[in-house]
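For reference, the structure discussed in these notes is given below.
Protein chains in written order, with our numbering: chain C, 13 to 173; chain W, -14 to 548.
Have a look at this one:
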């Protein structure tokens, strides 16, 4: 089972290594980890997707809380939340199929952000399923490269996590 | 404070900070990048003990912390000096001992360039420290030191490392020592939740077969008095983990001795038949629980611990109470009444009578258990420090500890070579006490070079060396589980320990007959100087009883000699 954790940490040297190291040494499996600065420059937000049962989730949360640089851990699984991932997909394309690709991109409300004679690069945001779906549709054209962020998430409404 | 802050170098600030933290002794070893600090230490009002290997410095700092309850402090240079601390830091982390370890580092400008004697010690120690710091600006040094001592000694104690690049020690700063620590991510819970305390009290009231299982946390939080009052009030028997030994007076009728792999039969039987297990400052280590699924099968479990992450980590807990053991026991005392445990205590008394700890003493060969008993009789108030192995288990089983901080041993990590340097720290922390390092011939040789340290500094420690010519505990396992194939565990005749003692300028005594045991112990105490007593003991004596790894703790073997 997958759980999404919002982890607020001190924006300091080595914090990412502490968090990642905790996962590896205790044998917890990270599905994705996205990290970036918040509205407060002294705080970074990590969105961590971890796989495991409730016991694993409880241990992950408690062990994260033990780190001095971790300020707060919220399980977004127990909260209403909004979640997004971003993918950049470079697809083989020439005059013969460009319009077909543009159609797919439009349907997914994605965007073409770069065009070259033999490729187009698509930007898509959404949940993992949406990204998987567009990837499946673009695959027949030949995906040259793809970059994907981890998931970022926030609680829905005015409450903070 | 009035006037302008004083200007000083980072090295001077380092010494000032140690003064502010009331550090009176540090254990260390100099090196290139530490020269500015060592130059300051030349005039400092601090006792710096020069060891012969950095591993001894970290173990000594730990022994000092365990014997005194204060934060142990050690100092090592960069690179190999720093990496030599790693074992001791891991040891302190596993047993939750408050310590601040300082390391020198190459200058900031050279960091990451694989400079001479550079090691990424903050990276290396990340998983084995409670927290660590690389000081990036000299002006942060006082704040970081203040935080480090706070983190090391509060909540669940543990080691904190501070890595100081050379320029941090030479840069000049305005010295300001902060009054308090502000860490938004670190707020330990001390006071137990009242609702949970009441739930525990109600479970205790219903219990007829309670057992208290006390760990190192009882000693860490100085909760021994409260534990005694609590056990006596509810009339519950008490068993200790290895690191909890001394937390409950061993001569009290309610005491069951240690539980687990080399615990007493009656402690293990009591735990297995209990209807309520009250764990205080203990973490359900595998050496205690044996096979988890079969541990205390009929018991409700109350778990008192300052670290929330220990709750239900290994075993599912019915009533967790997060907080300081001393505070929670005090609070529990106001809610509990005497339990009706007469029948239960009678049953335990019968187990105690029928299954005592025993060994077969002999007149022709020295039994190691006999030595422990003789040390106990000759010096019942001693601090006993141990290395790791069979002698450690015998010291846990046969010495009657009456006070906390009188049994000092490496529990979680099981570090051979720990005891002798830890004994040095213990003796410096408690100079009023006679300190024995109970040792095996294997473990002792892992840090025997510290003989030079104790002779040079005239630190009277008695090394009671149990010489059986084997790496005894491994040999025992080979005898039991590998058909007596003693693969690489024979070390007989490798050293003449009496001559070794004499080579260092210490007193060496060899003891080959049981009748000489007691006189040798008395002579060593009398000598009040560094002594090695080389006890030639029964070679293949086993630690008994024993629960094989992975078995339930009531599946206990009685072991005679394995020949």
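Cβ atoms here follow ideal geometry from the backbone N, Cα and C, with glycine treated the same way.
Residue i in three-state terms, based on DSSP
i, result
"residue 117/W", "strand"
"residue 55/W", "coil"
"residue 144/C", "helix"
"residue 362/W", "helix"
"residue 206/W", "coil"
"residue 548/W", "Caution applies to residue 548/W, whose pLDDT of 46 falls short of 50 and renders its modelled position unreliable; the value that the coordinates give is listed next. Coil at residue 548/W, not helix or strand."
"residue 96/C", "strand"
"residue -3/W", "helix"
"residue 52/C", "coil"
"residue 70/C", "helix"
"residue 139/C", "coil"
"residue 455/W", "strand"
"residue 102/W", "coil"
"residue 43/C", "strand"
"residue 241/W", "strand"
"residue 32/W", "strand"
"residue 401/W", "coil"
"residue 183/W", "helix"
"residue 168/W", "coil"
"residue 150/W", "strand"
"residue 327/W", "helix"
"residue 228/W", "coil"
"residue 156/C", "strand"
"residue 426/W", "helix"
"residue 469/W", "coil"
"residue 70/W", "coil"
"residue 333/W", "helix"
"residue 367/W", "coil"
Check whether residue i and residue j have beta carbons under 9 angstroms apart
i, j, result
"residue 354/W", "residue 458/W", "no"
"residue 8/W", "residue 56/W", "yes"
"residue 369/W", "residue 333/W", "no"
"residue 130/W", "residue 20/W", "no"
"residue 536/W", "residue 276/W", "yes"
"residue 346/W", "residue 499/W", "yes"
"residue 406/W", "residue 48/W", "yes"
"residue 372/W", "residue 422/W", "yes"
"residue 339/W", "residue 175/W", "no"
"residue 192/W", "residue 260/W", "yes"
"residue 451/W", "residue 379/W", "yes"
Presumed contact (8 angstroms Cβ cut-off) between residue i and residue j, rounded CB distance
i, j, result
"residue -1/W", "residue 39/W", "Not confirmed; about 18 angstroms, so no contact."
"residue 470/W", "residue 463/W", "6 angstroms"
"residue 326/W", "residue 195/W", "7 angstroms"
"residue 223/W", "residue 199/W", "6 angstroms"
Beta-ladder partner(s) of residue i, from DSSP
i, result
"residue 340/W", "Per DSSP, none; premise fails for residue 340/W."
"residue 197/W", "223/W and 263/W"
"residue 144/W", "84/W"
"residue 156/W", "Its beta-bridge partners do not exist; DSSP assigns none."
"residue 520/W", "451/W and 496/W"
CB contact below 9 angstroms: residue i versus chain C
i, result
"residue 112/W", "yes"
"residue -9/W", "no"
"residue 550/W", "What is shown of chain W runs -14 to 548, which leaves residue 550/W out entirely."
"residue 171/W", "yes"
"residue 138/W", "no"
"residue 121/W", "yes"
"residue 327/W", "no"
"residue 168/W", "yes"
"residue 259/W", "no"
"residue 108/W", "yes"
C-beta neighbour in chain W for residue i, strict 9 angstroms
i, result
"residue 33/C", "yes"
"residue 29/C", "yes"
"residue 157/C", "no"
"residue 98/C", "no"
"residue 63/C", "no"
"residue 57/C", "no"
"residue 92/C", "no"
"residue 160/C", "no"
"residue 67/C", "yes"
"residue 83/C", "yes"
"residue 70/C", "yes"
"residue 41/C", "no"
Residue i beta carbon near the ligand ATP (any heavy atom closer than 8 angstroms)
i, result
"residue 38/C", "Only the bare structure without any ligand can be found here, which leaves the ligand ATP out of the picture."
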